[in-house]
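Participant: If you scroll down you'll find the structure; I have some questions about it.
2 protein chains.
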Amino acid sequence: MNSPKDKVKESTDSEIGLVSPRIFEYKKRFVMTHGELPSFCIKYETYGKLNKEGTNAILVCHALTGDHHVAGIDKENKRKGWWDHAVGPGKAIDTDKYFVICSNCLGACQGSTGPTSINPLTGEPYGMSFPDLSIKDMVCAQKHLLDHLKINSLYSVVGGSMGGMQALQWVVEFPTFVESAIIIAATPQHSAQTIAFNEVGRTSIKRDLHWNNGDYDNNSRPEAGLAVARMMAHITYLSDKVMSEKFGREQMIANDEQDEDLDKNQFKVESYLHYQGLKFVDRFDANTYLKLTKALDRFDLVGDLGLDHNLINVSAKIMVVGFTSDWLYTPAQNRRIAESLQRLSKNASYLEIDHDYGHDSFLLKSYDFLRLINLFLGGENQDEITRLDEKKSTRVNNRSEVNRVNNRSEVKKEADLKVISDWVKKGEKVLDLGCGRGILLEHLRETKNVNGLGVDYDSNKAAACISRGVDVYQGDIRNALSMLEDNSFDWVVFSRMVEELPEPGQIILDALRVGKRVAVSFVNHGYWRNRLHFSKYGSRITNDVYRQNWQKSYPRNHLSVKEFESFCVSLKVQEKSFRVGRKVFHRGNWRTECSLLPNLRAGLAIYELVGD
Amino acid sequence: MNSPKDKVKESTDSEIGLVSPRIFEYKKRFVMTHGELPSFCIKYETYGKLNKEGTNAILVCHALTGDHHVAGIDKENKRKGWWDHAVGPGKAIDTDKYFVICSNCLGACQGSTGPTSINPLTGEPYGMSFPDLSIKDMVCAQKHLLDHLKINSLYSVVGGSMGGMQALQWVVEFPTFVESAIIIAATPQHSAQTIAFNEVGRTSIKRDLHWNNGDYDNNSRPEAGLAVARMMAHITYLSDKVMSEKFGREQMIANDEQDEDLDKNQFKVESYLHYQGLKFVDRFDANTYLKLTKALDRFDLVGDLGLDHNLINVSAKIMVVGFTSDWLYTPAQNRRIAESLQRLSKNASYLEIDHDYGHDSFLLKSYDFLRLINLFLGGENQDEITRLDEKKSTRVNNRSEVNRVNNRSEVKKEADLKVISDWVKKGEKVLDLGCGRGILLEHLRETKNVNGLGVDYDSNKAAACISRGVDVYQGDIRNALSMLEDNSFDWVVFSRMVEELPEPGQIILDALRVGKRVAVSFVNHGYWRNRLHFSKYGSRITNDVYRQNWQKSYPRNHLSVKEFESFCVSLKVQEKSFRVGRKVFHRGNWRTECSLLPNLRAGLAIYELVGD
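Right, here's the structure in full:
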């Protein structure tokens, strides 16, 4: 059997081969957010083929200093595309299936019209007279390119960092044009700290005497200022940890031929930064840097009216991906986009990749990340298939005691889900807290056209949800509840989850705020076998429900039918407005229902709480 | 009764009144780490009076761009000292009790000899010919000042940021001269990221055409470069959160008279940074900035031989204080200093203040922080006194049922500690995991001259340890164990703590690595009343031991005597080398010992595990 990791190719050789960029010219006046252009050019590349129905186009948007050359080998300079490991035949964005387009954004300096371009009205470079840019301008220019390519809809738009902001702007600006979007390492607005960093970079450029208010020529560019800006920005793209691992405090060996500005015995990280600065100056333009960073700082989908107001018309299915170590566009900033969409009942997921590299993680080969893109775009979840295969083979070879226990617990896994899915009506909205691999929500979607949102902390389980097409919020149950509106779900489900929560009473109350009905299933700790065992031995029982002995356990918050009933009574006493609805109790086999003496006889309890 | 907060004065008016700096001249050749000076001056201030025994001197060390004017009102410019709220009569560093000295460090530009000073050998300013500085040079120059002031020992040396590095260098360089040190928001070495930020600042200065290899005069200083360096550094002094709270994305109102370099409608945070940059250029010198930041980057008490090697001779009692939101010198970097000292069995504590402000938190009025300094320097812990008073009054007015329960639980609090403190021999080393307010370790120190270290996650409890003079590591038990050497303690104590741990078996094994003996006390869940209650009602019991009902509980990992015995057997099976030593069982009242049927009859169990 192949390892699941083989599924998403990560070859170092590009299978796309040689590619050449093309130029699209828009010859009409183009009105921008803060000005206009008499015309513009966009440099772009495409990979794969548009199908007859025109339903397989994916637009990839690049980051601040990126370009149109996303994959393959550039025919002219033999340079490999910046995301070649993600885009290609059989790769995460599979060019055998999809027609992929990437363009240098408007206002940039890699071939599209920007500050370095000649203004046709004056015959001189635009320089700082280039209109102040917005992310919306970039997206609208891309739309003209797509029109030119006769693309009538996008299967997906994908981008990281500034590309993620473009992807977000796409689904806002052209809601019916875009079927789905993957927004990676982005933010709905820059924080004060990010603006501050950008302003330092801009000040460094503007205070460079060569900048000359933006009026410089190739022989006298503000290279020192631009290099400093890049050096600083580069720090924000990496995590402290990865910098320490890469460079630590190692020093260069003294070299008399070094740049005289630089110390002898400088630290390697210093030398690396200088190299980054110099390399950047070669390929980038200072005025462009000023315009693009300002566009980023001004980008603000929150504004005075709030993010929800600005995302209200989104109809695309969206996956937002943050990276744990990204301190430029933090996980919280990414999550905020998904939270708003989820609050608005859009099809949206938030996933968090545990990666050390910082903001630039999205540019690296990371199996978990590439798999997620692939799954979201409809790839098969090889991990999940392997898992299911293993389960099947366990059932088939059901011979040993171990297998019997596994099998029994597989049956148990779904016992409460059957009851809860019976309770849910067609077309209702369900929030599944601790959703695991999304089995319940997938089932409800397929059988009852239910619109569901799952919450789980575990990244593999969240990825399994994505592979099932189930929207998921990867994170803490309390965070998820706190960001959702009152009565915004028909059902909030805790399927054997409350045992893991601290102060569960308050969390259930929060769930009653968010959901019209709450379903709580739990293992009844008051079950007679537990009592018998405890009263006889004075120790915890271990079986397929209580699996770990003391030394391997995680702290748990066991409860019984009696305790849950007392809790409900205590809420009544506090005059919380709800009532206990249906109750279902299963005996120790988790199959047979029982109603008499449930605290003694039931192994599993399922309660419906109804908000008034 | 006064509120505890009154104890540490935080008046906005300085009670020190007007102060004037003085100058100390060292007229001899001063050999430095990387060069020498023919002589030097140090500008300094003092507050309070040196007592006859000369035992009350406290040296305060300033941060990168600070100065000697720590408290009071400068007679000349009426400026208030930078730490006036912390230093003064009745304040955290109480000038009624202590003689406080603060000097502008060697190499700085506020009155002490540095790059802006005239080199007496040439009659010209030193500029970049000033020797490369080290933190050690600063400390050695301060030592000459103290000798001049006839101070024969320091009661304490206190400093934040670069001042914290100086305090650390003090205890390394002059171990017998310094009784104690408070090292705040510091690091034993710069991380690659911090070096990188500093190098961007230096590059900004050096690439400023006015820098001229350091040879500039007052009319043509590299102000642009220095301002950019400061703007960037300033971002690293604040947390993202506080910047967002202070400025958000608010914009300035357009103003035609603004600096023409600046955009109209700029963000407030941009304007703030520009102001910081300009203000800094007025008071600071570019070459000095280059020299000081290089001294910080080069400071390295880890080096090739490791921190433990370099701290081996420290004899001062040390408190290291980190701030949760400090991302320049992170909590982990601060903790590393304390961990090394604790590994070396020095008297050292690590405390972490939960503060939002970032690195600059140490400059702000923060009650928790100021109280901690006060407690460490021997102030009374008003919180703790209040708490004890309340307990006493509860005992005196022991009438109601509630009071009886409280009283009973107070007795219980100390039941296992009595047994464990009987086991510990005179002069042994004890690690108390989950040490609470340090009662056991204080008792052991006073009765058995025990050298102890407590570990607790709770900041108030850790502060209570400081007030008892008990060394404490504020943090996670697993982190504490992982950083300690094999067999470095005679005892590791878990006093009713294992119930809160995940996979406690592994943690106890780790404790057996660190300690020669491990004492584990726990509430025996197999106690007959628990069994009876559970078998009868099928729900958890609530009493003074199990205080919370289900809905308010935190997950716990209850265990019984039987389960602990099984765990010990399982270790034997795994051939872990240890044996079970003494066992003590108390009945339900936690007073009377019992040995027969402990799993049924004991309320409290205390085990000794002995490593082989």
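So the protein lines, in turn, are chains A and B. Each residue of the first sequence is one higher than the one before, starting from 19 at the first, in this note's numbering. Each residue of the second sequence is one higher than the one before, starting from 19 at the first, in this note's numbering. The beta-carbon is built from N, C-alpha and C at its ideal position, and this holds for glycine as well.
Pop quiz: T635 (chain A) and F302 (chain A) are said to be a contact at Cβ under 8 Å. What is the actual Cβ separation, rounded to whole angstroms?
Facilitator: Residue numbering for chain A in the displayed model covers 19 to 630; residue 635 (chain A) lies beyond these limits and cannot be assessed.
Participant: With Y491 (chain B) as the anchor, note down where its alpha helix (DSSP H) starts and where it stops.
Facilitator: Careful: Y491 (chain B) lies outside any alpha helix (DSSP H), inside the beta strand (DSSP E) at D489 to Q492.
Participant: Report the rounded CA-to-CA distance for H228 (chain A) versus N365 (chain A), giving the unit in angstroms.
Facilitator: Roughly 50 Å between the two C-alpha positions.
Participant: Could you pull the start and end residues of the beta strand (DSSP E) that S121 (chain A) belongs to?
Facilitator: Its beta strand (DSSP E) spans residues F117 to S121.
Participant: Going along the region 290-312 of chain A in order, which residues come within less than 9 Å of chain B, judged by CB to CB distance?
Facilitator: Listed by position along the chain: Y290, L291, H292, G295 and K312.
Participant: Just how far apart, CA to CA, sit V473 (chain A) and A214 (chain A)?
Facilitator: The alpha-carbon atoms of V473 (chain A) and A214 (chain A) are separated by roughly 34 Å.
Participant: Taking a Cβ distance cut-off of 7 Å, strictly less, list which residues of the region 201-223 of chain A are near chain B, in chain order.
Facilitator: Cβ contacts with chain B come from Q207, S209, A210, Q211, I213, A214, F215, E217, V218, T221 and S222.
Participant: Quick check: is the beta carbon of E94 (chain A) nearer than 8 Å to any beta carbon in chain B?
Facilitator: False, the Cβ-Cβ gap to chain B never drops below 8 Å.
Participant: Residues bridged to V175 (chain B) by DSSP?
Facilitator: V175 (chain B) is bridged to B:L77 and B:A199.
Participant: Please list, in chain order, the residues of the region 545-573 of chain A that have any C-beta partner in chain B closer than 9 Å.
Facilitator: Answer set for the region 545-573 of chain A: Y545, W546, N548, R549, L550, F552, S553, K554, Y555, G556, S557, R558, Q566, N567, W568, Q569, K570, S571, Y572 and P573.
Participant: Are any of the Cβ atoms in chain B nearer than 8 Å to that of L227 (chain A)?
Facilitator: True, the Cβ-Cβ gap to chain B drops below 8 Å.
Participant: Using the Cα positions of K259 (chain A) and Q284 (chain A), report the straight-line distance between them to the nearest angstrom.
Facilitator: Cα-Cα distance, rounded: 20 Å.
Participant: Let me check one thing: in DSSP terms, what residues is F92 (chain B) bridge-paired to?
Facilitator: The residue you asked about is not Phe; residue 92 (chain B) is Asp in the sequence shown. BP columns for D92 (chain B) point to B:V37.
Participant: Got a sec: is the Cβ-Cβ distance from F380 (chain A) to anything in chain B below 8 Å?
Facilitator: Closer than 8 Å: no.
Participant: Does the beta-carbon distance from L36 (chain A) to K98 (chain A) come in below 8 Å?
Facilitator: In this structure, K98 (chain A) does not lie closer than 8 Å to L36 (chain A) by Cβ.
Participant: Measure from the C-beta of E142 (chain A) to each C-beta in chain B and report whether the shortest distance is under 8 Å.
Facilitator: No, because no Cβ of chain B sits closer than 8 Å to the Cβ of E142 (chain A).
Participant: Give me the chain A residues within the contact set of M249 (chain B), using Cβ-Cβ distance strictly less than 7 Å, ordered along the chain.
Facilitator: Within chain A, the residues near M249 (chain B) are V218 and T221.
Participant: Find out if the Cβ-Cβ distance for the pair L308 (chain B), L329 (chain B) is shorter than 8 Å.
Facilitator: Taking 8 Å as the Cβ cut-off, L308 (chain B) and L329 (chain B) do not qualify as a contacting pair.
Participant: Using the beta-carbon of each residue, which ones in chain A are nearer than 9 Å to I119 (chain B)?
Facilitator: Those within 9 Å of I119 (chain B) in chain A number zero; the least Cβ separation is about 32 Å.
Participant: Give every residue of the same chain whose Cβ lies closer than 6 Å to the Cβ of A242 (chain B), excluding the five residues on either side of it in the sequence, and list them in chain order.
Facilitator: The residues are D226.
Participant: Mind checking which residues open and close the beta strand (DSSP E) that includes R535 (chain B)?
Facilitator: Segment G533 to V541, the beta strand (DSSP E) holding R535 (chain B).
Participant: Please report the distance separating the alpha-carbon of L291 (chain A) from that of K297 (chain A).
Facilitator: Distance between the alpha carbons of L291 (chain A) and K297 (chain A) is about 10 Å.
Participant: Find out if the Cβ-Cβ distance for the pair L449 (chain B), V516 (chain B) is shorter than 8 Å.
Facilitator: Not a contact, by the Cβ cut-off of 8 Å.
Participant: With a threshold of 8 Å between beta carbons, is K580 (chain B) in contact with chain A?
Facilitator: Yes, K580 (chain B) counts as interfacial toward chain A.
Participant: Is the Cβ of M50 (chain B) closer than 8 Å to any Cβ of chain A?
Facilitator: Chain A, which has no Cβ nearer than 8 Å to the Cβ of M50 (chain B), makes this no.
Participant: Classify Q351 (chain A): buried if its beta carbon has 16 or more other beta carbons within 10 angstroms, exposed otherwise.
Facilitator: Counting Cβ neighbours within 10 Å, Q351 (chain A) comes out buried, since at least 16 surround it.
Participant: Would you tell me roughly how many angstroms separate the C-alpha atoms of T610 (chain B) and F603 (chain B), rounded to the nearest one?
Facilitator: Rounded to whole angstroms, T610 (chain B) to F603 (chain B) spans 8 Å at the Cα level.
Participant: What would DSSP say about C586 (chain B), mapped onto helix, strand or coil?
Facilitator: Here C586 (chain B) sits in helix by DSSP.
Participant: So for I640 (chain A), helix, strand or coil by DSSP?
Facilitator: Outside the displayed range of chain A (19 to 630) lies residue 640 (chain A), so it cannot be described from this structure.
Participant: With distance defined between alpha-carbon atoms, name the residue in B:I34, B:V49 and B:T212 nearest to S262 (chain A).
Facilitator: Nearest C-alpha to S262 (chain A): B:T212.
Participant: So for V598 (chain A), helix, strand or coil by DSSP?
Facilitator: If DSSP states are grouped into helix, strand and coil, V598 (chain A) belongs with the strands.
Participant: Does the distance from the C-beta atom of D318 (chain B) to that of L362 (chain B) stay below 8 Å?
Facilitator: Not a contact, by the Cβ cut-off of 8 Å.
Participant: Quick one: residues in its chain with C-beta nearer than 6 Å to the C-beta of V423 (chain B), no 5 flanking neighbours on either side, listed in chain order?
Facilitator: Here the model assigns V423 (chain B) a pLDDT of 44, short of 50, so the residue's position is not dependable and the matter cannot be decided.
Participant: Any idea if K168 (chain B) is buried or exposed, counting beta-carbon neighbours within 10 angstroms, 16 or more meaning buried?
Facilitator: Exposed, by the Cβ-count rule.
Participant: First and last residue of the alpha helix (DSSP H) that includes E191 (chain B)?
Facilitator: It spans M180 to E191 - the alpha helix (DSSP H) in which E191 (chain B) sits, taken as one unbroken run.
Participant: Keeping to the same chain, check which residues put their C-beta closer than 7 Å to that of R605 (chain B); ignore five residues upstream and five downstream.
Facilitator: The answer, listed in chain order, is C612, R619, A620 and G621.
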